[in-house]
Structure formats: structure tokens, C-alpha cells
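Visitor: Per the working numbering, the sequence shown runs over residues 7 to 255. Backbone N, C-alpha and C define an ideal beta-carbon position, used for all residues, glycine too. Below you'll find the structure I mean.
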Amino acid sequence: MLEINNLTVEAENKTILNNFNLKINDGEIHVLMGPNGTGKSTICKAILKHPDYKVTGKMTYHDQDLLAMDTTSIARLGFFYLNQNPVEIEGITNAEMLRNALSEKNDERVDIFKFNKKLNEVCDIINLPKSFVHRDINYNMSGGEKKKNELLQLFILEPKFIILDEIDSGLDVDALKTVGKALQEYYERYKPSILIVTHHQAILKYFNDYTVHVLKDGKIKATGDKSLATKIENLGFEANTINGTTEYE
Ligand SMILES: Nc1ncnc2c1ncn2[C@@H]1O[C@H](COP(=O)(O)OP(=O)(O)O)[C@@H](O)[C@H]1O
Ligand SMILES: [Mg+2]
């Protein structure tokens, strides 16, 4: 279980998140929505201890203190972060990186036969040409291809806690369906915890049950079931002021 209590996140002397609280049990799916620039990506990166951010408060995973750990150690616990804008790395292929990452993760040499078989299976699931495994990581790929390429990493590394920052942005309708189904299959197979940042319900229909949080002004202002996502999509974040109080407070 991930437990975040009274977290403050700062960058360049500016407080981005303040008194941020979130609890995600094993196997649960949580959705974070909120206007642009409210700190959704910031919390994703803070969980992984991105060096840009000064983080104070409490953040634990299965009672281990994440604030005392570095990014590599957190990844070793089974965390996976899909960046809103996946980074291009020229000169290292997907296959090379994944073989090394897998060997590091499992502390043993990778069986190349099994590894190649799995890569082929995953390329089929996410509808990515097999040649992509030999391409440099995200290099010269379109926005949609990058998102799928990151999913290739997800399926190979089999993380237990997945953070998906706007995985649905930049996807065409077919790619959205492929990605949604792939995530649904991953969830059914491995039952990870997932934190999904999104502006739309389209990606959420691939999941049965999830909790929705609204982030505004650096804090979670409302928490609810899937009907909250529908309400936001229909009414917006600002639209529903009733008698001077917004529904999200
Ligand atoms: N590394 C950083 N340095 C300075 N400011 C940052 C940094 N990261 C985010 N911010 C600022 O924090 C706010 C929240 O950003 P972000 O988390 O990317 O928003 P969201 O993902 O909700 O759109 C923005 O005003 C952004 O400019
Ligand atoms: Mg963002």
C-alpha cells in the first residue's frame, strides 16, 4: 500500500503541492484529474523522487520510507512511471535497455530465447511492429508510438505500482483502444496498483472500478467513484458553483 500524508512538494522555491494526502491499496486503481498546471505531473514525479523537487512530509510503500530512498531503489520496489512526455534516448535500443533492466531487476542473466518470445508477444498485444524493439528508446517516434513503446517496457518489467501520466494524450482512436485493452489485460493478469492521470473518461472505460480524485490548488479537493469523472467531463472543474461553494470543496 502507498500512503502519502501531509506532503509538500516544492520546485525552484515555489510550493506546488501542499498538504497532499493519498492512500492507494494494493490492486486499486486511482484516477487523478484537475486543471492544467495544478501539480498532477508533479506528484507523479515526486513519488519517484525526481531530483527537481524538494519533498517533505510522509510517503511510504508497504511501510518503507520512500522519502529516504532514491529513484533506482523505488523502481526496484516495483514502481513504473509513464511520463506525460516520454524521453527520447538516442543510442540505446529498447531491447538493450530492457534486457539490462530485467537482469538488474531479477538479479540473474536473462534467458534470451524467453526474452525474445515475450517481446514478440507484447508487440502483438500493443500492436507495435516487432522492429520497434531494435529502435532507440522513443527516438524519432510519434507521440502515440512513444506511449505504446513505454507500454512495451511495462509488460516486460512487470511492475506492481504503475503511474500513468496522460497515457491517453496524443493517441488516435485506434491507438486509444489498443492501449486501453492492453492496460486492461495487464491489470487482469497482474492486479497492480495504478495511478492514472487523465482529462478524459475514454481510457477509464477499460476498468471496472476506480476512485477519482480532483486536484486543485495543490490539494485533493474531492474524492468519489466513477460518477465524479462523468460529472467533471460534463460540467468542467469550475462550472458547478452552487450558492457560492463549489461541489469540489
Ligand atoms: N521542475 C519544476 N520547476 C519549476 N516549476 C515546476 C516544475 N515542475 C512543475 N512546475 C510548476 O508546477 C505547476 C504544476 O505543474 P505540473 O505538475 O506539470 O501540472 P499538471 O501536470 O497538473 O498540468 C506548474 O505551474 C509548473 O510550471
Ligand atoms: Mg501534467
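1) Quick check on the DSSP output: what are the complete beta strand (DSSP E) runs of length 3 or more inside the region 95-142, in order along the chain?
2) Which residues bound the alpha helix (DSSP H) around G186?
3) On the criterion of 16 or more Cβ atoms from any shown chain inside 10 Å, does G186 qualify as buried, or is it exposed?
4) Taking 7 Å as the cut-off, is the C-beta of D171 nearer than that to any heavy atom in ligand 2?
5) Around the Cβ of T48, are there at least 16 other Cβ atoms within 10 angstroms (buried) or fewer (exposed)?
6) Do the region 202-219 and the region 116-129 make contact, defined as three or more Cβ pairs closer than 8 Å?
7) Is DSSP giving Q70 helix, strand or coil here?
8) Who pairs with N11 in a beta bridge, going by DSSP?
9) Could you check whether N133 and T184 sit closer than 8 Å to each other, using their CB atoms as the reference points?
10) Based on DSSP bridge pairs, tell me the residues matched to S199.
11) Is it true that the CB of A228 sits closer than 8 Å to the CB of V220?
12) Would you report the Cα separation of I80 and I22, rounded to the nearest angstrom?
Guide: Put simply:
1) List check, beta strand (DSSP E) in window: 95-99.
2) The residue labelled residue 186 in the question sits at position 180 within the sequence shown. Judged by DSSP secondary structure, G186 falls within the alpha helix (DSSP H) whose first and last residues are V179 to Y196.
3) Your numbering for residue 186 matches position 180 in the sequence shown. By the 10 Å Cβ count, G186 comes out buried.
4) Here residue 171 refers to the residue found at position 165 of the sequence shown. The answer is yes for D171.
5) Residue mapping note: residue 48 aligns to position 42 of the sequence shown, counting from 1. Around the Cβ of T48, a 10 Å sphere holds 16 or more other Cβ atoms; the residue is buried.
6) At 8 Å Cβ cutoff, the stretches do not touch.
7) As a position in the sequence shown, residue 70 is number 64, starting the count at 1. Three-state DSSP puts Q70 in a strand.
8) Here residue 11 corresponds to residue number 5 of the sequence shown, with the count starting at 1. Note: N11 is bridge-paired with K64 in the DSSP secondary-structure output.
9) Within the sequence shown, residue 184 is the residue found at index 178, counting from 1. Within the sequence shown, residue 133 is the residue found at index 127, counting from 1. It is a contact, given that the beta carbons lie within the stated cut-off.
10) In the sequence shown, counting from the first residue as 1, residue 199 sits at position 193. In the DSSP output, where bridge partners are listed per residue, S199 has F167.
11) By one-based count along the sequence shown, residue 220 stands at place 214. By one-based count along the sequence shown, residue 228 stands at place 222. In contact: V220 and A228 (Cβ atoms closer than 8 Å).
12) On the sequence shown, residue 80 is found 74 positions in, with the first residue counted as 1. On the sequence shown, residue 22 is found 16 positions in, with the first residue counted as 1. Across the structure, I80 and I22 are spaced so that their CA atoms are roughly 22 Å apart.
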